[in-house]
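Participant:
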Amino acid sequence: MLVGKKILLVIGGGIAAYKSLELIRLLQKAGASVVPVLTRSGAEFVTPLSVSALAGQKVHAELFDLTAEAEMGHIELSRSADLVVVAPATADLMAKLAGGLANDLASTLLLATDKRVLMAPAMNVRMWEHPATARNLETLQGFGVLTVGPDAGEMACGEFGPGRMAEPARIVEAIDATLGSGDLAGRHVLVTSGPTHEPIDPVRYIANRSSGRQGSAIAEALVRRGARVSFITGPASAPKPLGCAVIEVETAREMLAAVEAALPADAAIFAAAVADWHVKAETRSKIKKKGGETPPPIELAENPDILKTISHKPEDRPSLVVGFAAETDDVIANATAKRQRKGCDWLIANDVRPETGIMGGKNTTVTLITQDGPEAWEPMSKTAMADRLASRIAEALS
Ligand code: CTP
């Protein structure tokens, strides 16, 4: 599945570095060749000899290595691969790239590369949760850096929580998804997903039951066909899709800003269950329950309609805009009218009456409404529906 692909693998200095040996083995089994780069601290955890023996290649370690510069300069090294993978990506490596530092071979390569970068973060849970790491992650995602993991669980340091490097098999899946060469290769597709949260005060918010499962499935189906996907998600419970640039937002207004920042795109799929309203006067202090008083009124104001805004954009409108409609009555008539109202090209209508089990479930029954009218699809899993949609998108963009 990765036959002929060249992966530049940067091994950072963390206990998870031992898993990078297994990663090399799995990548080779999948047909890829691995050019290893070992940081100085990475070499404290795995030896250059074991890395080079497994990769069947020289290990690159020093920035000012005259022999290596004569054979292949570090800039060329960063460009000759199909993908740069950093596993484990330590807090230090993440900070270096986020800050634009280039003081060793690994950081120089990361800054100089014109290829996509996929990071598999691994660090102590406190380090992962530190605001500095969170800020660096956000910066890196803004640069288009992809991430896989970290997983939650017991860590080598004895603590528990998120910070464990994703398993090598999952990293290979993410690499495969990123390098997928299909009929959407070279296309940029934007997907919104999940619910939005609209704050009432610092501790309360208005939400909805969207799991984000359909949006994640669509994003992964697009990635499998080779698209570059910007996945803009509210706080969803479904796992984040692999191989996408994930942009996390909370409110509808933040989602619109993130969508606009991610344009231009060839297609945009609006699968998010965006809240229609936000609280007009969100308070900075927690609303207190004062005994005997009537409950406080909550005044709502309308949120921007993201789908409608993008569909009517005079510039930068994606050539294919797809919306979703969750309906309980007169599904086709309501959805057909909604397609007109929103100005999108396609609308996917879901019958969300509770007895259908679609909302939050694994299966779905949809009708695709285009300018040619409704087209009922047979009941299928959300993954199968995502594949069918991705294939139709590829057809429409060809
Ligand atoms: N949508 C959006 N921004 C909003 C509301 C909805 O982008 N503020 C998008 C959704 O992502 C979905 C489509 O619009 O693709 C339909 O959303 P829905 O809530 O069903 O439509 P409404 O216009 O809110 O109609 P109603 O609630 O009356 O059914």
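The sequence shown begins at 1440 in this note's numbering and counts up one residue at a time.
Glycine residues also receive a C-beta, built at the ideal position from the N, C-alpha and C atoms.
On a predicted model such as this, the values are computed, not experimentally measured, just so you know.
1) Keeping to the same chain, check which residues put their C-beta closer than 7 Å to that of V1642; ignore five residues upstream and five downstream.
2) Indicate, with yes or no, if the ligand CTP has a heavy atom lying under 7 Å from the CB of G1651.
3) Hey, would you say the C-beta of A1746 is under 7 Å away from at least one heavy atom of the ligand CTP?
4) Determine the closest residue to S1489 out of T1586, S1459, L1836 and M1562, with distance taken between C-alpha atoms.
5) For F1599, which option in L1516, A1696, M1562 and A1534 has the closest C-alpha, if you only look at C-alpha atoms?
6) Closer than 7 Å to a non-hydrogen atom of the ligand CTP - does that hold for the CB of G1762?
7) Closest to M1819 by CA distance: which of K1801, L1447 and P1680 is it?
8) Should R1603 be labelled buried (16 or more other beta-carbon atoms within 10 Å of its own) or exposed?
9) In the region 1757–1798, which residue ranges form an unbroken beta strand (DSSP E) of at least 3 residues, counting only runs that do not cross its ends?
10) As a quick exercise: from E1814, V1476, V1524 and H1636, pick the residue whose alpha carbon is nearest that of H1717.
11) Given this structure, state the Cα-to-Cα distance separating A1675 from S1632, to the nearest angstrom.
12) Does F1503 pass the burial test, meaning 16 or more other C-beta atoms within 10 Å, or should it be called exposed?
13) Is DSSP giving D1590 helix, strand or coil here?
14) Just to check, is the beta-carbon of V1839 closer than 7 Å to a non-hydrogen atom of the ligand CTP?
15) If the criterion is Cβ atoms closer than 8 Å, does the pair R1671 and I1657 meet it?
16) Using the DSSP secondary-structure output, state which residues sit across from I1671 in a beta bridge.
17) Quick one: is D1744 buried, meaning 16 or more other Cβ sit within 10 Å of its Cβ, or exposed?
18) May I ask you to list the residues that DSSP assigns as paired with F1709?
19) For L1681, count neighbouring Cβ atoms within 10 angstroms of its own Cβ and tell me buried if that reaches 16, exposed if not.
20) Enumerate in chain order the residues of its own chain whose CB-to-CB distance from D1531 is below 6 Å, with the five nearest sequence positions on each side excluded.
Facilitator: According to the structure data:
1) K1725
2) No; taking the cut-off as 7 Å, the Cβ of G1651 has no heavy atom of the ligand CTP nearer than that.
3) Residue identity check: residue 1746 is Leu in the sequence provided, not Ala. Yes, the beta carbon of L1746 sits closer than 7 Å to at least one heavy atom of the ligand CTP.
4) S1459
5) M1562
6) yes
7) K1801
8) buried
9) 1759–1766 and 1785–1790
10) H1636
11) 8 Å
12) exposed
13) strand
14) Residue 1839 cannot be examined here, being either before or after the span of the chain that is shown, 1440 to 1837.
15) With the sequence shown as reference, residue 1671 is identified as Ile, and Arg is not the correct amino acid for it. Contact flag unset, no.
16) T1631 and I1686
17) Result: buried.
18) T1631 and G1762
19) buried
20) none
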